[in-house]
Each structure stands twice: as C-alpha cells, then as structure tokens.
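K.L.:
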Amino acid sequence: MSTIDIFSNIMALFWILVQQICLCYIKRAYEDMMGRALRAYMALHGAFFVFLLLIGFDLLFGFDFVYGRLPEGALFFYGRLKWNFFCEVMLVLDALLVAYAWRMYRLYMRDGGSPFATSPSMRVRVEDIVVVVVFFAPFLWYHAGMTETALRHNLNDEQIRTLQFFFIKVANFFYAFFEGTAAVLLWRIYRLVRREGVLSHGGS
Amino acid sequence: MAGADAFFLAILHGFTPEMYMLITKAAGIACSFADIAFILLLLKTAHALKLRENPAAPPPKRRLCALYVFAALTPTLALPISSDAFVIWQSLVLGIPYLLLAHTVVTEFPTLLRHMREKIRSN
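The listed protein sequences correspond, in order, to chains H and Z. Counting from 1, position 195 in the first sequence corresponds to residue 177 in my numbering; the numbering is continuous, with no gaps. The number in my numbering is simply the position in the second sequence, starting from 1, with 12 added.
1. If you follow the alpha helix (DSSP H) that Ile8(H) is in, where does it begin and where does it stop?
2. Less than 8 Å between the CB atoms is what I'm expecting for Val74(H) and Phe118(H), so what's the real figure, rounded?
3. Below 9 Å between beta carbons: does that hold for Lys56(Z) and Tyr172(H)?
4. Which of the three DSSP states, helix, strand or coil, is assigned to Ile93(Z)?
5. Apply the 10 Å Cβ neighbour rule to Tyr7(H) and answer buried if 16 or more other Cβ atoms are within range, or exposed otherwise.
6. Counting pairs of beta carbons, one from the region -5 to 3 of chain H and one from the region 64 to 79 of chain H, are three or more of them closer than 8 Å?
7. Chain H partners of Ala46(Z), CB-CB under 8 Å?
8. Is Pro109(Z) helix, strand or coil when you go by DSSP?
9. Look at the alpha carbon of Ala60(Z) and the alpha carbon of Cys77(Z), and state the distance between them as a whole number of angstroms.
10. Do we get a CB-CB distance below 9 Å when we pair Glu13(H) with the residues of chain Z?
11. When the distance is taken between beta carbons, is Leu53(Z) closer than 9 Å to Trp169(H)?
12. Which same chain residues, not among the five before or five after Pro109(Z), have their C-beta less than 7 Å away from its C-beta?
13. Could you name the residues of chain H that Phe82(Z) contacts, counting a contact when the two beta carbons are closer than 7 Å?
14. Roughly how many angstroms separate the alpha carbons of Leu34(H) and Asn66(H), rounded to a whole number?
15. For Thr57(Z), go through chain H and note every residue whose CB falls closer than 8 Å to its CB, in chain order.
16. Is Cys77(Z) close to chain H? Criterion is C-beta to C-beta, closer than 9 Å.
17. For the alpha helix (DSSP H) holding Phe45(Z), just list the boundary residues, first then last.
18. Put Ala158(H) into one of helix, strand or coil per three-state DSSP.
19. Run through DSSP, which three-state label would Leu137(H) get?
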C-alpha cells in the first residue's frame, strides 16, 4: 500500500469521526427537544466507529486474517472497495446530518416540528434506517455489478480502478449538494436569530 | 445483466482521466466552500446568541480569521497539480476547517441548544 493511500485512509477516518461527532450532537439536541434519551444511539455510533477503525487498521497494516486469505489479484480490488465503502459512509453521515438539520430547522420555525415524531421509546429512528438503506443499496448494486462485469470481460486493474473512481466522483456531487443544503439551512436560522436579536434589543 | 455490462463498459469509454481530475477539483472546491460557509454560519449564529446573554461577548476572531484564510485558499484547488498532490492539498484545505467544525460543535452547541429550548418554551 502506498504512502498516499495510507494518508487518504487516515483522512477518511478523520472526516468520518468529525461527521459522527456532528451527527451525535445534532441528534442529541433534536431528541432532547422531543424529550427523549438516546444512550443506545450513542453506543451504536461508538461501536460503528470502532468497526471502521478496525477496517482502517486492516488497510494500514494488512492484517493477515483478510490479506492472508486473498489471492494476489484480489488485493488491489479489496483495497479500493474499502476506500469506496469509506466514501459511502461519509455520504450516509452527510445525508443524516442534513436530515437532522432540516428537522431542527422546522422545529425552530415552529411549523409543526418533525413529521417523524412517533414513539417515545424509539432510539434509532425508522427514517434513519431508510436513509442508510437508500444510500447503501446503490453502493451494493454498483459494486456487485462492477465485479460481475470485471470477471465477465476480464477487466484489468486500471479499468477496475476507473470504475471505482467513477463511483466516488458521483458521490462527490452528493457531498457538495448535502453540504450546500446544510449551509443554506443554517444561513436561514442565522438570519432569523439576527432578526430576533435586533427586535429584542429594540434595534440597537 | 447485459444492461449492467453496457453501463459499466460505457463508463470505461467515456470517463477519462481529464474528466476525473476536472470533477475532483470542481467537487472539492464546492465542498470546501460549503463546509467553510457552514462553519462560519455556525460561529456567527452562536456569537449572535451569546450577544443576547452578554452584549460584550467577543467574536471568535481567531477561528473566523482561519476560516477566511482557508476560504481564500480554496480556489487554489483548481491549480494544475498531480492527483497525489491534490489529495494532500485538499486534506489541508478541508481538514483544518473540519477540525474547527468539530471544535465549534463541541464548544458552541450548548449555547444553541439552550437558546432553542428557550424559544420553544416561549412559543
């Protein structure tokens, strides 16, 4: 594994960690508003990050329990697949962040709160699972289809890499869209906060 | 099956290295600006709320200054550099604002949360 690949994977883990911190905070705030506890959700996040760390360490140090069992030609494919998986995780976390930012925005604007406020006992919301499934299904479809095509047409490493890069580039557009949407929502909240501040201080 | 094959083979024909770098740079710049705008707004919102509690609350100058610097650096992602150099440069231009984001969320969220609770209670 090249130095740049190791660096990229460390950065991916760092980005995922920051996204998880943000998601945990916004989720905690939202559930707090709705009067719910969410210890189980935090534990789930922690466990998921440990899982990602294990994958990361596997990538960095090539643990024998995976690498030792792979044929030589599959190593390259495996490494890239894990990188795409990290990208997909980032995308899902971004989507969840925007979903919660939207709920918080609606709550703030007092237009009825979340339409998803259902059972007080729910820790992981059904719609969160829907977001995860909706975003992971294309990932699975793409990589399964790509593998079949690669085997059927005997594609070389370079061609497989091109297909894997294409997936990441499509994901990049979604990142830009989600992050832009989150910024717009926050901008609207900021404007409202400023307007309220001006009103409460009599325009001073 | 044939449809999937045609789809993947079409990508191989149409997705060139030049296109790859172009999309990488365009998306990198868009993401960077969106992230910086988000962090900037988060800081400004938290500061606007703090001003209500303490009208003499100082603005987070260092963090704002760092964000403006990285916003100014973002267009440099379009410079013609190699793919590896781009990864390192983008990690720097996006990574440090991300650290600021984590720090801002952890330190400023209680203010935001307190304000939201008050607002909802008052409505």
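Where a beta carbon is used, it is the ideal one built from N, C-alpha and C, also for glycine.
P.N.:
This is what the structure holds:
1. -15 to 15
2. 7 Å
3. yes
4. coil
5. buried
6. yes
7. Ala158, Glu161, Gly162, Ala164, Ala165
8. helix
9. 17 Å
10. no
11. yes
12. Asp47, Ile48, Ile51, Leu79, Phe82
13. In chain order: nothing, as chain H lies at least about 14 Å away.
14. 13 Å
15. Leu168, Ile171, Tyr172, Val175
16. no
17. 29 to 65
18. helix
19. coil
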